[in-house]
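Participant: Have a look at this one before I ask anything.
Chains as they are written, first to last, in the numbering used here: chain V, 20 to 513; chain W, 1125 to 1267; chain Z, 5 to 322.
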């Protein structure tokens, strides 16, 4: 226990505390602006931290990371524009809730869920992290293939009323995911001789276009010249109804577990965690049809899931020296700059720093709970007071600046516009957009891991199924696809 | 109908393109392309068999949607020649007017404060390079 | 690529017309990094940029352009104006390795070499139960069992793979290359025993060498590396001329004024040898290595030619 007492004492000083508060608020802002992402902010911060007290530096990383995961929910709920890829699932139920005047309630649930997911994840990092990290080593290419398949199976919950069109959208996403240099053979696919396409289409660029442009165009169609008055905003604090929290508890537990499990695996990120949590909540529900129509459980599942991914994603980085995502890689390089060697000995080398970072991940999650809700309603929701016609150009400017700064090339702006225009019409034609993004995220993971697995097995496909973990995952995937059918069948008979 | 056709053609095109890629790196996109064609054909088939109902309205307010879309296209086109902030300011002022908002002072105040905010976040705090303004020194080799 | 040529040509004209040096730099410099944030090249460049900002007295804005193993960033960078306000911080792969396998629009002559900054070797490591204890035994075991062993590397046609194959070809070795997304992923699959051999940079695997979970038997530099006493340098195996390193450099676009190149090269040399930077490099298992101007160009050309032969033998060429 000494490990954490010393670390707590070190964190509970003015520097780290102020850094956590400031950076959590900054993180919420970064998450809430579509196109801006935590990686960009943390990468920028990092060189500055070389000469800084490392605990202050890591406090800022923790705050930005946790804050932005929650911040993404704010525009997802208010405008149906996900601030980060991980908040796509939040739009499914968050926006319908806002649409029927429950924006305040949805934001409150998102805030609570994010905080709870983050706290659960940080606790997992502090307690069982080192044990779990070793388990991830059993996951080779064959297992990663099945994880991608498992994620693809969750497409079932987002296809909406028309399964054929949903599957079609997923296939389109997978196809977009193949663009660029094929990392296993080195050949360029679907690049049409354009060098900027060698890296494929950037996920964020497509996401911003696909998800932000249609709501903006619809806002323009509505042509609201007045904006909402203070009383119309309906942002007064809505207390939870009796029993409401109790009903959310199972969802929080489930989503925390899903988020932590996804987080521990290097390479699988918060967006997958949010989709899987959402799917799990829908499958567990007595009334799956209410999902996508403003069910608070949907918001809770998605937001809890994506924050539960955060601290857990640090587990392989801190215990094995294997960064599972870019933020973890940045944290590792911050530790190395302060003379630490990531790997199994890290915990003994500098327990105050490592333990301190874990506690900071915990405290910034608590901070979301304390300041996140107010930031959402007092600042961001106020923009709805502006006339809609003024919001349209403002969001367009934000989209463009966010997309442009990713790679610094104008052509990305055209990709964004094209994706957005396509998204506008696809949505009107009942083609769901989420499967396109899911395909883009999981397609490369599935393709690369299956081909790696086949290289390792010298071309024998049976090895994809015969290893214990891969077989379990394969059965789980099958179950995931069949479960809603079984349930529907039972209900019809019952 | 048109939607199914579009996807079917897209899938076929992708499959045809993928046929020129060697090895496993080519099979996968080819299968995906053919699968997309299959889905597209299914949609066509369904549309053909369904009773012809009233055509759905794709756009609720075509005039406004067209104006907003055209403004977005013009804006993106002007970002590089005019510079990011100049083009953005122009969009902030013109688009509300196009959509029928007749309170220029309000537009000006909101637009200006918003641009300043973006400038503070992206150019001052994040130091991100954006397309240089038409009138700025760096356009002319820095003198 | 005609348009590119026109752009480059106009850019050069503008460069000539520019009033040179006197008070360069007088406005912010944009530094393009052809990799995403958080990687080795990114962190080294950002740290160096901080030191350069101080010494040059101007701010440096970093632009990450990832994708295509660095070729996307390199192609985008070659179109900038050679006025000294756009610089390119890269590792060697996008310049000497990627053009071997990809159809890229740039060549070595699309850039003006300014100065290299640091370098490190790659290493090949095996599990403790592998039947070899020295570099020589390791290569002998591989040669005796063609296509039996799998080795993880940083990506097909990447510098790490070519560095290994350069050695393997010299000894007639056939091993199965499994491309991963980077050293972290390779390490994960090595520790989980999904691949037999770890191939990648030294620093990620170092803690596992100390914990006796990995046995590093070979480094791709001519000399041995002090941190890995068990690993043989190529010189001791009689393969000294097959050295391939991972190194980093800062370049300008084609047609950069020589006076600016000299000034930047001197400032970079100063920054790289700053004690804080040397210490930072050491934490990543790298050492400072400054080669300036045309010497750097010669080094790039030599490496490019050697790797061209390796990739052609592998059947990787375009």
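Ideal Cβ positions, reconstructed from N, Cα and C, are used throughout, including at glycine.
1) Taking the straight line between their C-alpha atoms, what separation do you get for residue 230 of chain V and residue 83 of chain V?
2) Using a beta-carbon distance below 9 Å, is residue 1142 of chain W in contact with chain V?
3) Where do the N-terminal and C-terminal ends of the alpha helix (DSSP H) with residue 303 of chain Z fall, by residue?
4) Extract the residue ranges of the alpha helix (DSSP H) inside the stretch 76-116 of chain Z, only unbroken runs of 4 or more that lie entirely within it.
5) Enumerate in chain order the residues of its own chain whose CB-to-CB distance from residue 1178 of chain W is below 7 Å, with the five nearest sequence positions on each side excluded.
6) So, under 8 Å CB-CB, residue 137 of chain V and residue 85 of chain V are touching, yes? Tell me the CB distance rounded to an integer number of Å.
7) Do three or more CB pairs link the stretch 94-106 of chain Z to the stretch 293-313 of chain Z at distances below 8 Å?
8) Leaving out five residues on either side along the sequence, give the residues of the same chain with a beta carbon under 6 Å from the beta carbon of residue 182 of chain Z.
9) Could you check how far apart the C-beta atoms of residue 118 of chain Z and residue 256 of chain Z are, in whole angstroms? I think they sit under 8 Å.
10) Output the distance between the C-alpha atoms of residue 326 of chain V and residue 506 of chain V, rounded to the nearest integer angstrom.
11) Could you round the C-beta distance between residue 129 of chain Z and residue 202 of chain Z to whole angstroms and report it? I think they count as a contact, below 8 Å.
12) Quick check on the DSSP output: the beta strand (DSSP E) that includes residue 242 of chain V runs from which residue to which?
13) Using the Cα positions of residue 1163 of chain W and residue 455 of chain V, report the straight-line distance between them to the nearest angstrom.
14) Is DSSP giving residue 1199 of chain W helix, strand or coil here?
15) Would a check of beta-carbon distances place residue 1257 of chain W closer than 9 Å to chain Z?
16) Output, in chain order, the set of chain B residues within a Cβ distance shorter than 8 Å of residue 65 of chain Z.
17) Just confirm the distance between the C-beta atoms of residue 113 of chain V and residue 417 of chain V, as a whole number of angstroms; I'd bet it's less than 8 Å.
18) Taking only the alpha-carbon atoms, compute the straight-line gap between residue 254 of chain Z and residue 88 of chain Z and give it to the nearest angstrom.
19) Cβ closer than 7 Å: which chain V residues qualify as neighbours of residue 160 of chain Z?
20) Among all the DSSP beta bridges, which residues are the ones paired with residue 126 of chain Z?
21) Tell me the DSSP bridge mates of residue 155 of chain Z?
22) I'd like to know whether the C-beta of residue 32 of chain Z is nearer than 9 Å to at least one C-beta of chain W.
23) Just to check my reading of the structure: residue 236 of chain Z and residue 222 of chain Z have Cβ atoms closer than 8 Å, yes? What is that Cβ distance to the nearest angstrom?
24) Have a look at the DSSP bridge pairing and note the partners of residue 68 of chain Z.
25) Where does residue 299 of chain Z land, buried or exposed, given buried means 16+ other C-beta within 10 angstroms?
26) Which chain Z residues are close to residue 345 of chain V, counting only those with a beta carbon under 9 Å from its beta carbon?
27) Quick one: residues in its chain with C-beta nearer than 8 Å to the C-beta of residue 1143 of chain W, no 5 flanking neighbours on either side, listed in chain order?
28) Quickly, what does DSSP pair residue 255 of chain Z with across the bridge? List them, please.
29) Run down chain Z in chain order and give the residues with a C-beta less than 7 Å from the C-beta of residue 366 of chain V.
30) Taking only beta carbons into account, state which residues of the stretch 203-218 of chain Z come closer than 9 Å to chain V, listed in chain order.
31) With a cut-off of 8 Å on the beta carbons, I'd call residue 79 of chain Z and residue 292 of chain Z a contact; round off their distance for me.
32) Quick check on residue 277 of chain Z: buried or exposed, where buried means 16 or more other Cβ atoms within 10 Å of its Cβ?
33) Can you name the start and end residues of the alpha helix (DSSP H) that residue 265 of chain Z belongs to?
34) Taking Cβ positions only, does residue 237 of chain V come closer than 9 Å to chain W?
35) Would you tell me roughly how many angstroms separate the C-alpha atoms of residue 457 of chain V and residue 192 of chain V, rounded to the nearest one?
36) Can you find the residues in the same chain that come closer than 6 Å, C-beta to C-beta, to residue 95 of chain V, ignoring five residues on each side of it along the sequence?
Facilitator: Let me lay it out:
1) 23 Å
2) yes
3) 297-318
4) 97-100 and 102-105
5) Any reading at residue 1178 of chain W must be qualified, since the residue scores a pLDDT of 49, below 50, and its modelled position is unreliable; the value itself is stated next. Here the set comprises nothing.
6) 5 Å
7) yes
8) 154, 156 and 199
9) 6 Å
10) 29 Å
11) 4 Å
12) Careful: residue 242 of chain V lies outside any beta strand (DSSP E) and carries neither H nor E.
13) 14 Å
14) helix
15) no
16) Protein chains V, W and Z are contained in the structure displayed, whereas chain B is not.
17) Contact flag wrong, Cβ pair sits at about 19 Å.
18) 12 Å
19) 202, 203, 204 and 205
20) Z:205
21) Z:181 and Z:201
22) yes
23) 6 Å
24) Z:37
25) exposed
26) 40, 41, 42 and 43
27) 1150 and 1154
28) Z:92 and Z:117
29) Residues of chain Z passing the Cβ test: none, with the nearest at roughly 12 Å.
30) 207, 208, 209, 210, 211, 212, 214, 215 and 217
31) That pair is no contact at about 29 Å.
32) exposed
33) 262-276
34) yes
35) 7 Å
36) 101, 106, 109, 110 and 113
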